[in-house]
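In the numbering used here, the protein residues as written are 128 to 418.
Data first, discussion second: the structure below is written as structure tokens.
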């Protein structure tokens, strides 16, 4: 029976139910498709498809998905020594997002590689350094491979210990990436208080708790935001949007007041100091809303 277990075909990669396009058909997120070098991901009106035959298992999509929706797609195992990634290297270079996780999870600070043989890896490090500079993090170095090697056949005679090379893979979760950089934010919130009716839809849909509505203020903790943009999709008045903006985390507060509606006598929240009617009653032109 164990023999048949070992021969079992691996589950093909796919897109899980947490995908924002599956939760909200009107969502326009296409981060995974943009990141895929093999064009293995396609969208239709109601489905998201990952073509198993086209997929090259590079894992680029897993690192950009804001909600960890990619399934059965493990990230690549890579070799490293101390603070440096070392050979063997894959033909497809790691994405900037993956290299950033190596930086945060394993404190990797360089690449020992022949850039003439792997030019795309050198380009990936250059792009990573642009990101690291914006984050105020140490930059990576590209180190030529050492030409001096120990003769493995005579190692036991010379009592030379083999250089310690380890292998590992990184976690692609954007939530983990945010937790490792709580002082930074990748996205900024834009709230139009003239349009916002404080219905709370944005707070309820945000799984990261980046938006919270208290008794007297709406608070946006953008260091938690992974860029899913669900808040903008569910907002009934289109009052909220998010935009890519790397910088120091600065929590935003939007104070509001609570009043009693003059028509329905229900308590409502508003940013307008002069508002006397709740948003629902304001939509009833003839004041016909029942109490």
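Built from N, CA and C at the ideal position, the CB exists for glycine as well.
Using a Cβ distance threshold of 9 Å, residue 219 and residue 183 count as a contacting pair.
The beta carbon of residue 356 sits closer than 6 Å to those of 369, all from its chain and outside the five residues before and after it, given in chain order.
Inter-segment contact for the stretch 360–375 and the stretch 313–322 is present: three or more beta-carbon pairs are separated by less than 8 Å. In this chain, residue 294 is not harboured by any alpha helix (DSSP H); it is covered by the beta strand (DSSP E) spanning 293–295.
Between residue 349 and residue 303, the CB-CB gap reaches or exceeds 9 Å. Approximately 6 Å separates the beta-carbon atoms of residue 235 and residue 210; this is inside 8 Å, confirming the contact. Straight across, the Cα-Cα distance linking residue 215 with residue 380 is about 49 Å. In this structure, residue 270 and residue 239 form a Cβ contact; the two beta carbons are roughly 5 Å apart against a cut-off of 8 Å.
In the DSSP assignment, residue 361 falls within the unbroken alpha helix (DSSP H) covering 357–361. Boundaries around residue 370 are those of the beta strand (DSSP E), 367–375, since no alpha helix (DSSP H) includes it.
In this structure, DSSP gives residue 170 an extended state, which the three-state scheme calls strand. The residues 222, 224, 225 and 299, in chain order, have a CB closer than 6 Å to that of residue 190 in the same chain once the five nearest residues on each side in sequence are set aside. Around residue 373, the same chain offers 258, 261, 262, 311, 312 and 313 as residues with beta carbons nearer than 8 Å, after the five sequence neighbours per side are excluded. Residue 382 and residue 326 do not touch by the CB rule: their CB atoms are close to 17 Å apart, not below 8 Å. Residue 305 is classed as buried because its beta carbon has at least 16 other beta carbons within 10 Å across all chains shown. Closest in alpha carbon position to residue 178, among 154, 138, 202 and 254, is 138. Beta-bridge pairing by DSSP links residue 205 to 295.
Counting C-beta atoms within 10 angstroms of its own C-beta, residue 335 has 16 or more neighbours from the protein chains shown and is therefore classed as buried. In this model, residue 377 and residue 342 are separated by some 21 Å (Cα to Cα).
Distance between residue 167 and residue 196, taken at the CA atoms: about 15 Å. Using a Cβ distance threshold of 9 Å, residue 152 and residue 169 do not count as a contacting pair.
Within the model, the alpha-carbon separation for residue 159 versus residue 148 is close to 11 Å.
In this structure, the CA atom of residue 237 is about 11 Å from the CA atom of residue 249. If you ignore the 5 residues before and after residue 389, its C-beta comes within less than 7 Å of the C-beta of 403 and 404, all in its own chain and listed in chain order. In this structure, the alpha-carbon of residue 330 lies about 10 Å from that of residue 346.
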